[in-house]
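Residues in the sequence shown are numbered from 1 upward in steps of one, following full-length UniProt numbering.
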Amino acid sequence: MPDSSERPRRERDREVRETQTVNVVSVVSQFVDDNLTVVRNISTGLVIAGVVLIGRSIKLTTKFKSASEIPARFIERNVSLRGKVHSVTEEGGVKVEHVPIHVPVLSPLLSKTHQGASSSSLLLVRLAGVDVTTEGRTWLQQNLVPAHTVWLKLISCEDDVLHCLLSQSRGWMWSRCVNEQLLRLGLARTAPVSLLPDSRFYWRLHRRLHRAEVSAERKGRGLWKEDSLWERAANAVRDSPAFRLMRSVFKK
């Protein structure tokens, strides 16, 4: 019977490699078992560091103080931003303080501490696709109360002014689009939207706004309201030549 030392060299080398591999695995496993807390902390630290880097790169919790600070890709993708109403301008625009997403623990790492809102840190927003009437501005001032939360769906940006769909939350599941509401009440007319006509979102938005305006026109609301028969008759008499002649005679 041949002695074990006479076994082929190749087989002995394989056994040596297997023994070394088992030893390495054993050492690593023992280290992990003995330092489980350290390993977990390192893993957690790497995950947090990765989230911080990703969050900063996509501006997850960045507070935008002007339209120029908002990345172009946000507008191209029609991203929605959260904000708080500050005031309604005389031109029918809305000044909004951007309120970034708050992520517990991570938000302090991703963003700097900000003071209260100032006039220089407010976003000037115009309601996209609508031309607001004087009555519409009054409605906005009554319904967009300061400090109320709103959502801004970015449409375009021109001269540091954001053109958006502005929505108000109504409970947990519903929201109201202010642009559409103004049109439904006859407090605004549709206006051109700064989007490419070949965009799917453009046509969806166009249909929504058009339906709202047509609804107001059919119901005779706001600027579409027609005078009653009595009012039309009174206006016709008042504007007639005979009535003007009689009025001039009595004035003498």
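We put the beta carbon where it would ideally sit given N, CA and C, even for glycine. Note that the structure is predicted; figures quoted are calculated from it, not measured.
Where the alpha helix (DSSP H) containing residue i begins and where it ends
i	result
T138	134 to 143
I155	No alpha helix (DSSP H) contains I155, which is instead part of the beta strand (DSSP E) from 149 to 158.
A72	72 to 76
Per DSSP, the bridge partner or partners of residue i
i	result
Q181	Answer by DSSP bridge pairing: none, since Q181 is not bridged.
D198	DSSP output for D198 lists no bridge partner at all.
S87	K95
S175	S169
R82	W151
V130	T190
Endpoints, the beta strand (DSSP E) within which residue i is located
i	result
E161	The question names Glu, yet the displayed sequence has Val at residue 161. First-last of the beta strand (DSSP E) with V161: 161 to 170.
K95	94 to 98
L127	123 to 127
T190	188 to 190
For residue i, three-class secondary structure by DSSP
i	result
P241	helix
M1	Because the pLDDT of M1 is 47, which lies under 50, any placement of that residue in the model is unreliable, and the question is left without a value.
G220	coil
S69	At residue 69 the sequence reads Glu, which differs from the Ser that was named. E69: helix per DSSP, three-state reduction.
E213	helix
V25	Caution applies to V25, whose pLDDT of 48 falls short of 50 and renders its modelled position unreliable; the model cannot decide the point.
Given 8 Å as the limit, is there contact between the stretch 60 to 70 and the stretch 92 to 100, that is, 3 or more CB pairs closer than that?
-> yes
Looking at C-beta atoms only, is the number of pairs between the stretch 69 to 84 and the stretch 130 to 143 that lie closer than 8 Å three or more?
-> no
Could you say if the stretch 144 to 153 and the stretch 183 to 200 meet the contact criterion of at least three C-beta pairs nearer than 8 Å?
-> no
Report yes or no: do three or more beta-carbon pairs, one from the stretch 210 to 221 and one from the stretch 157 to 173, lie closer than 8 Å?
-> no
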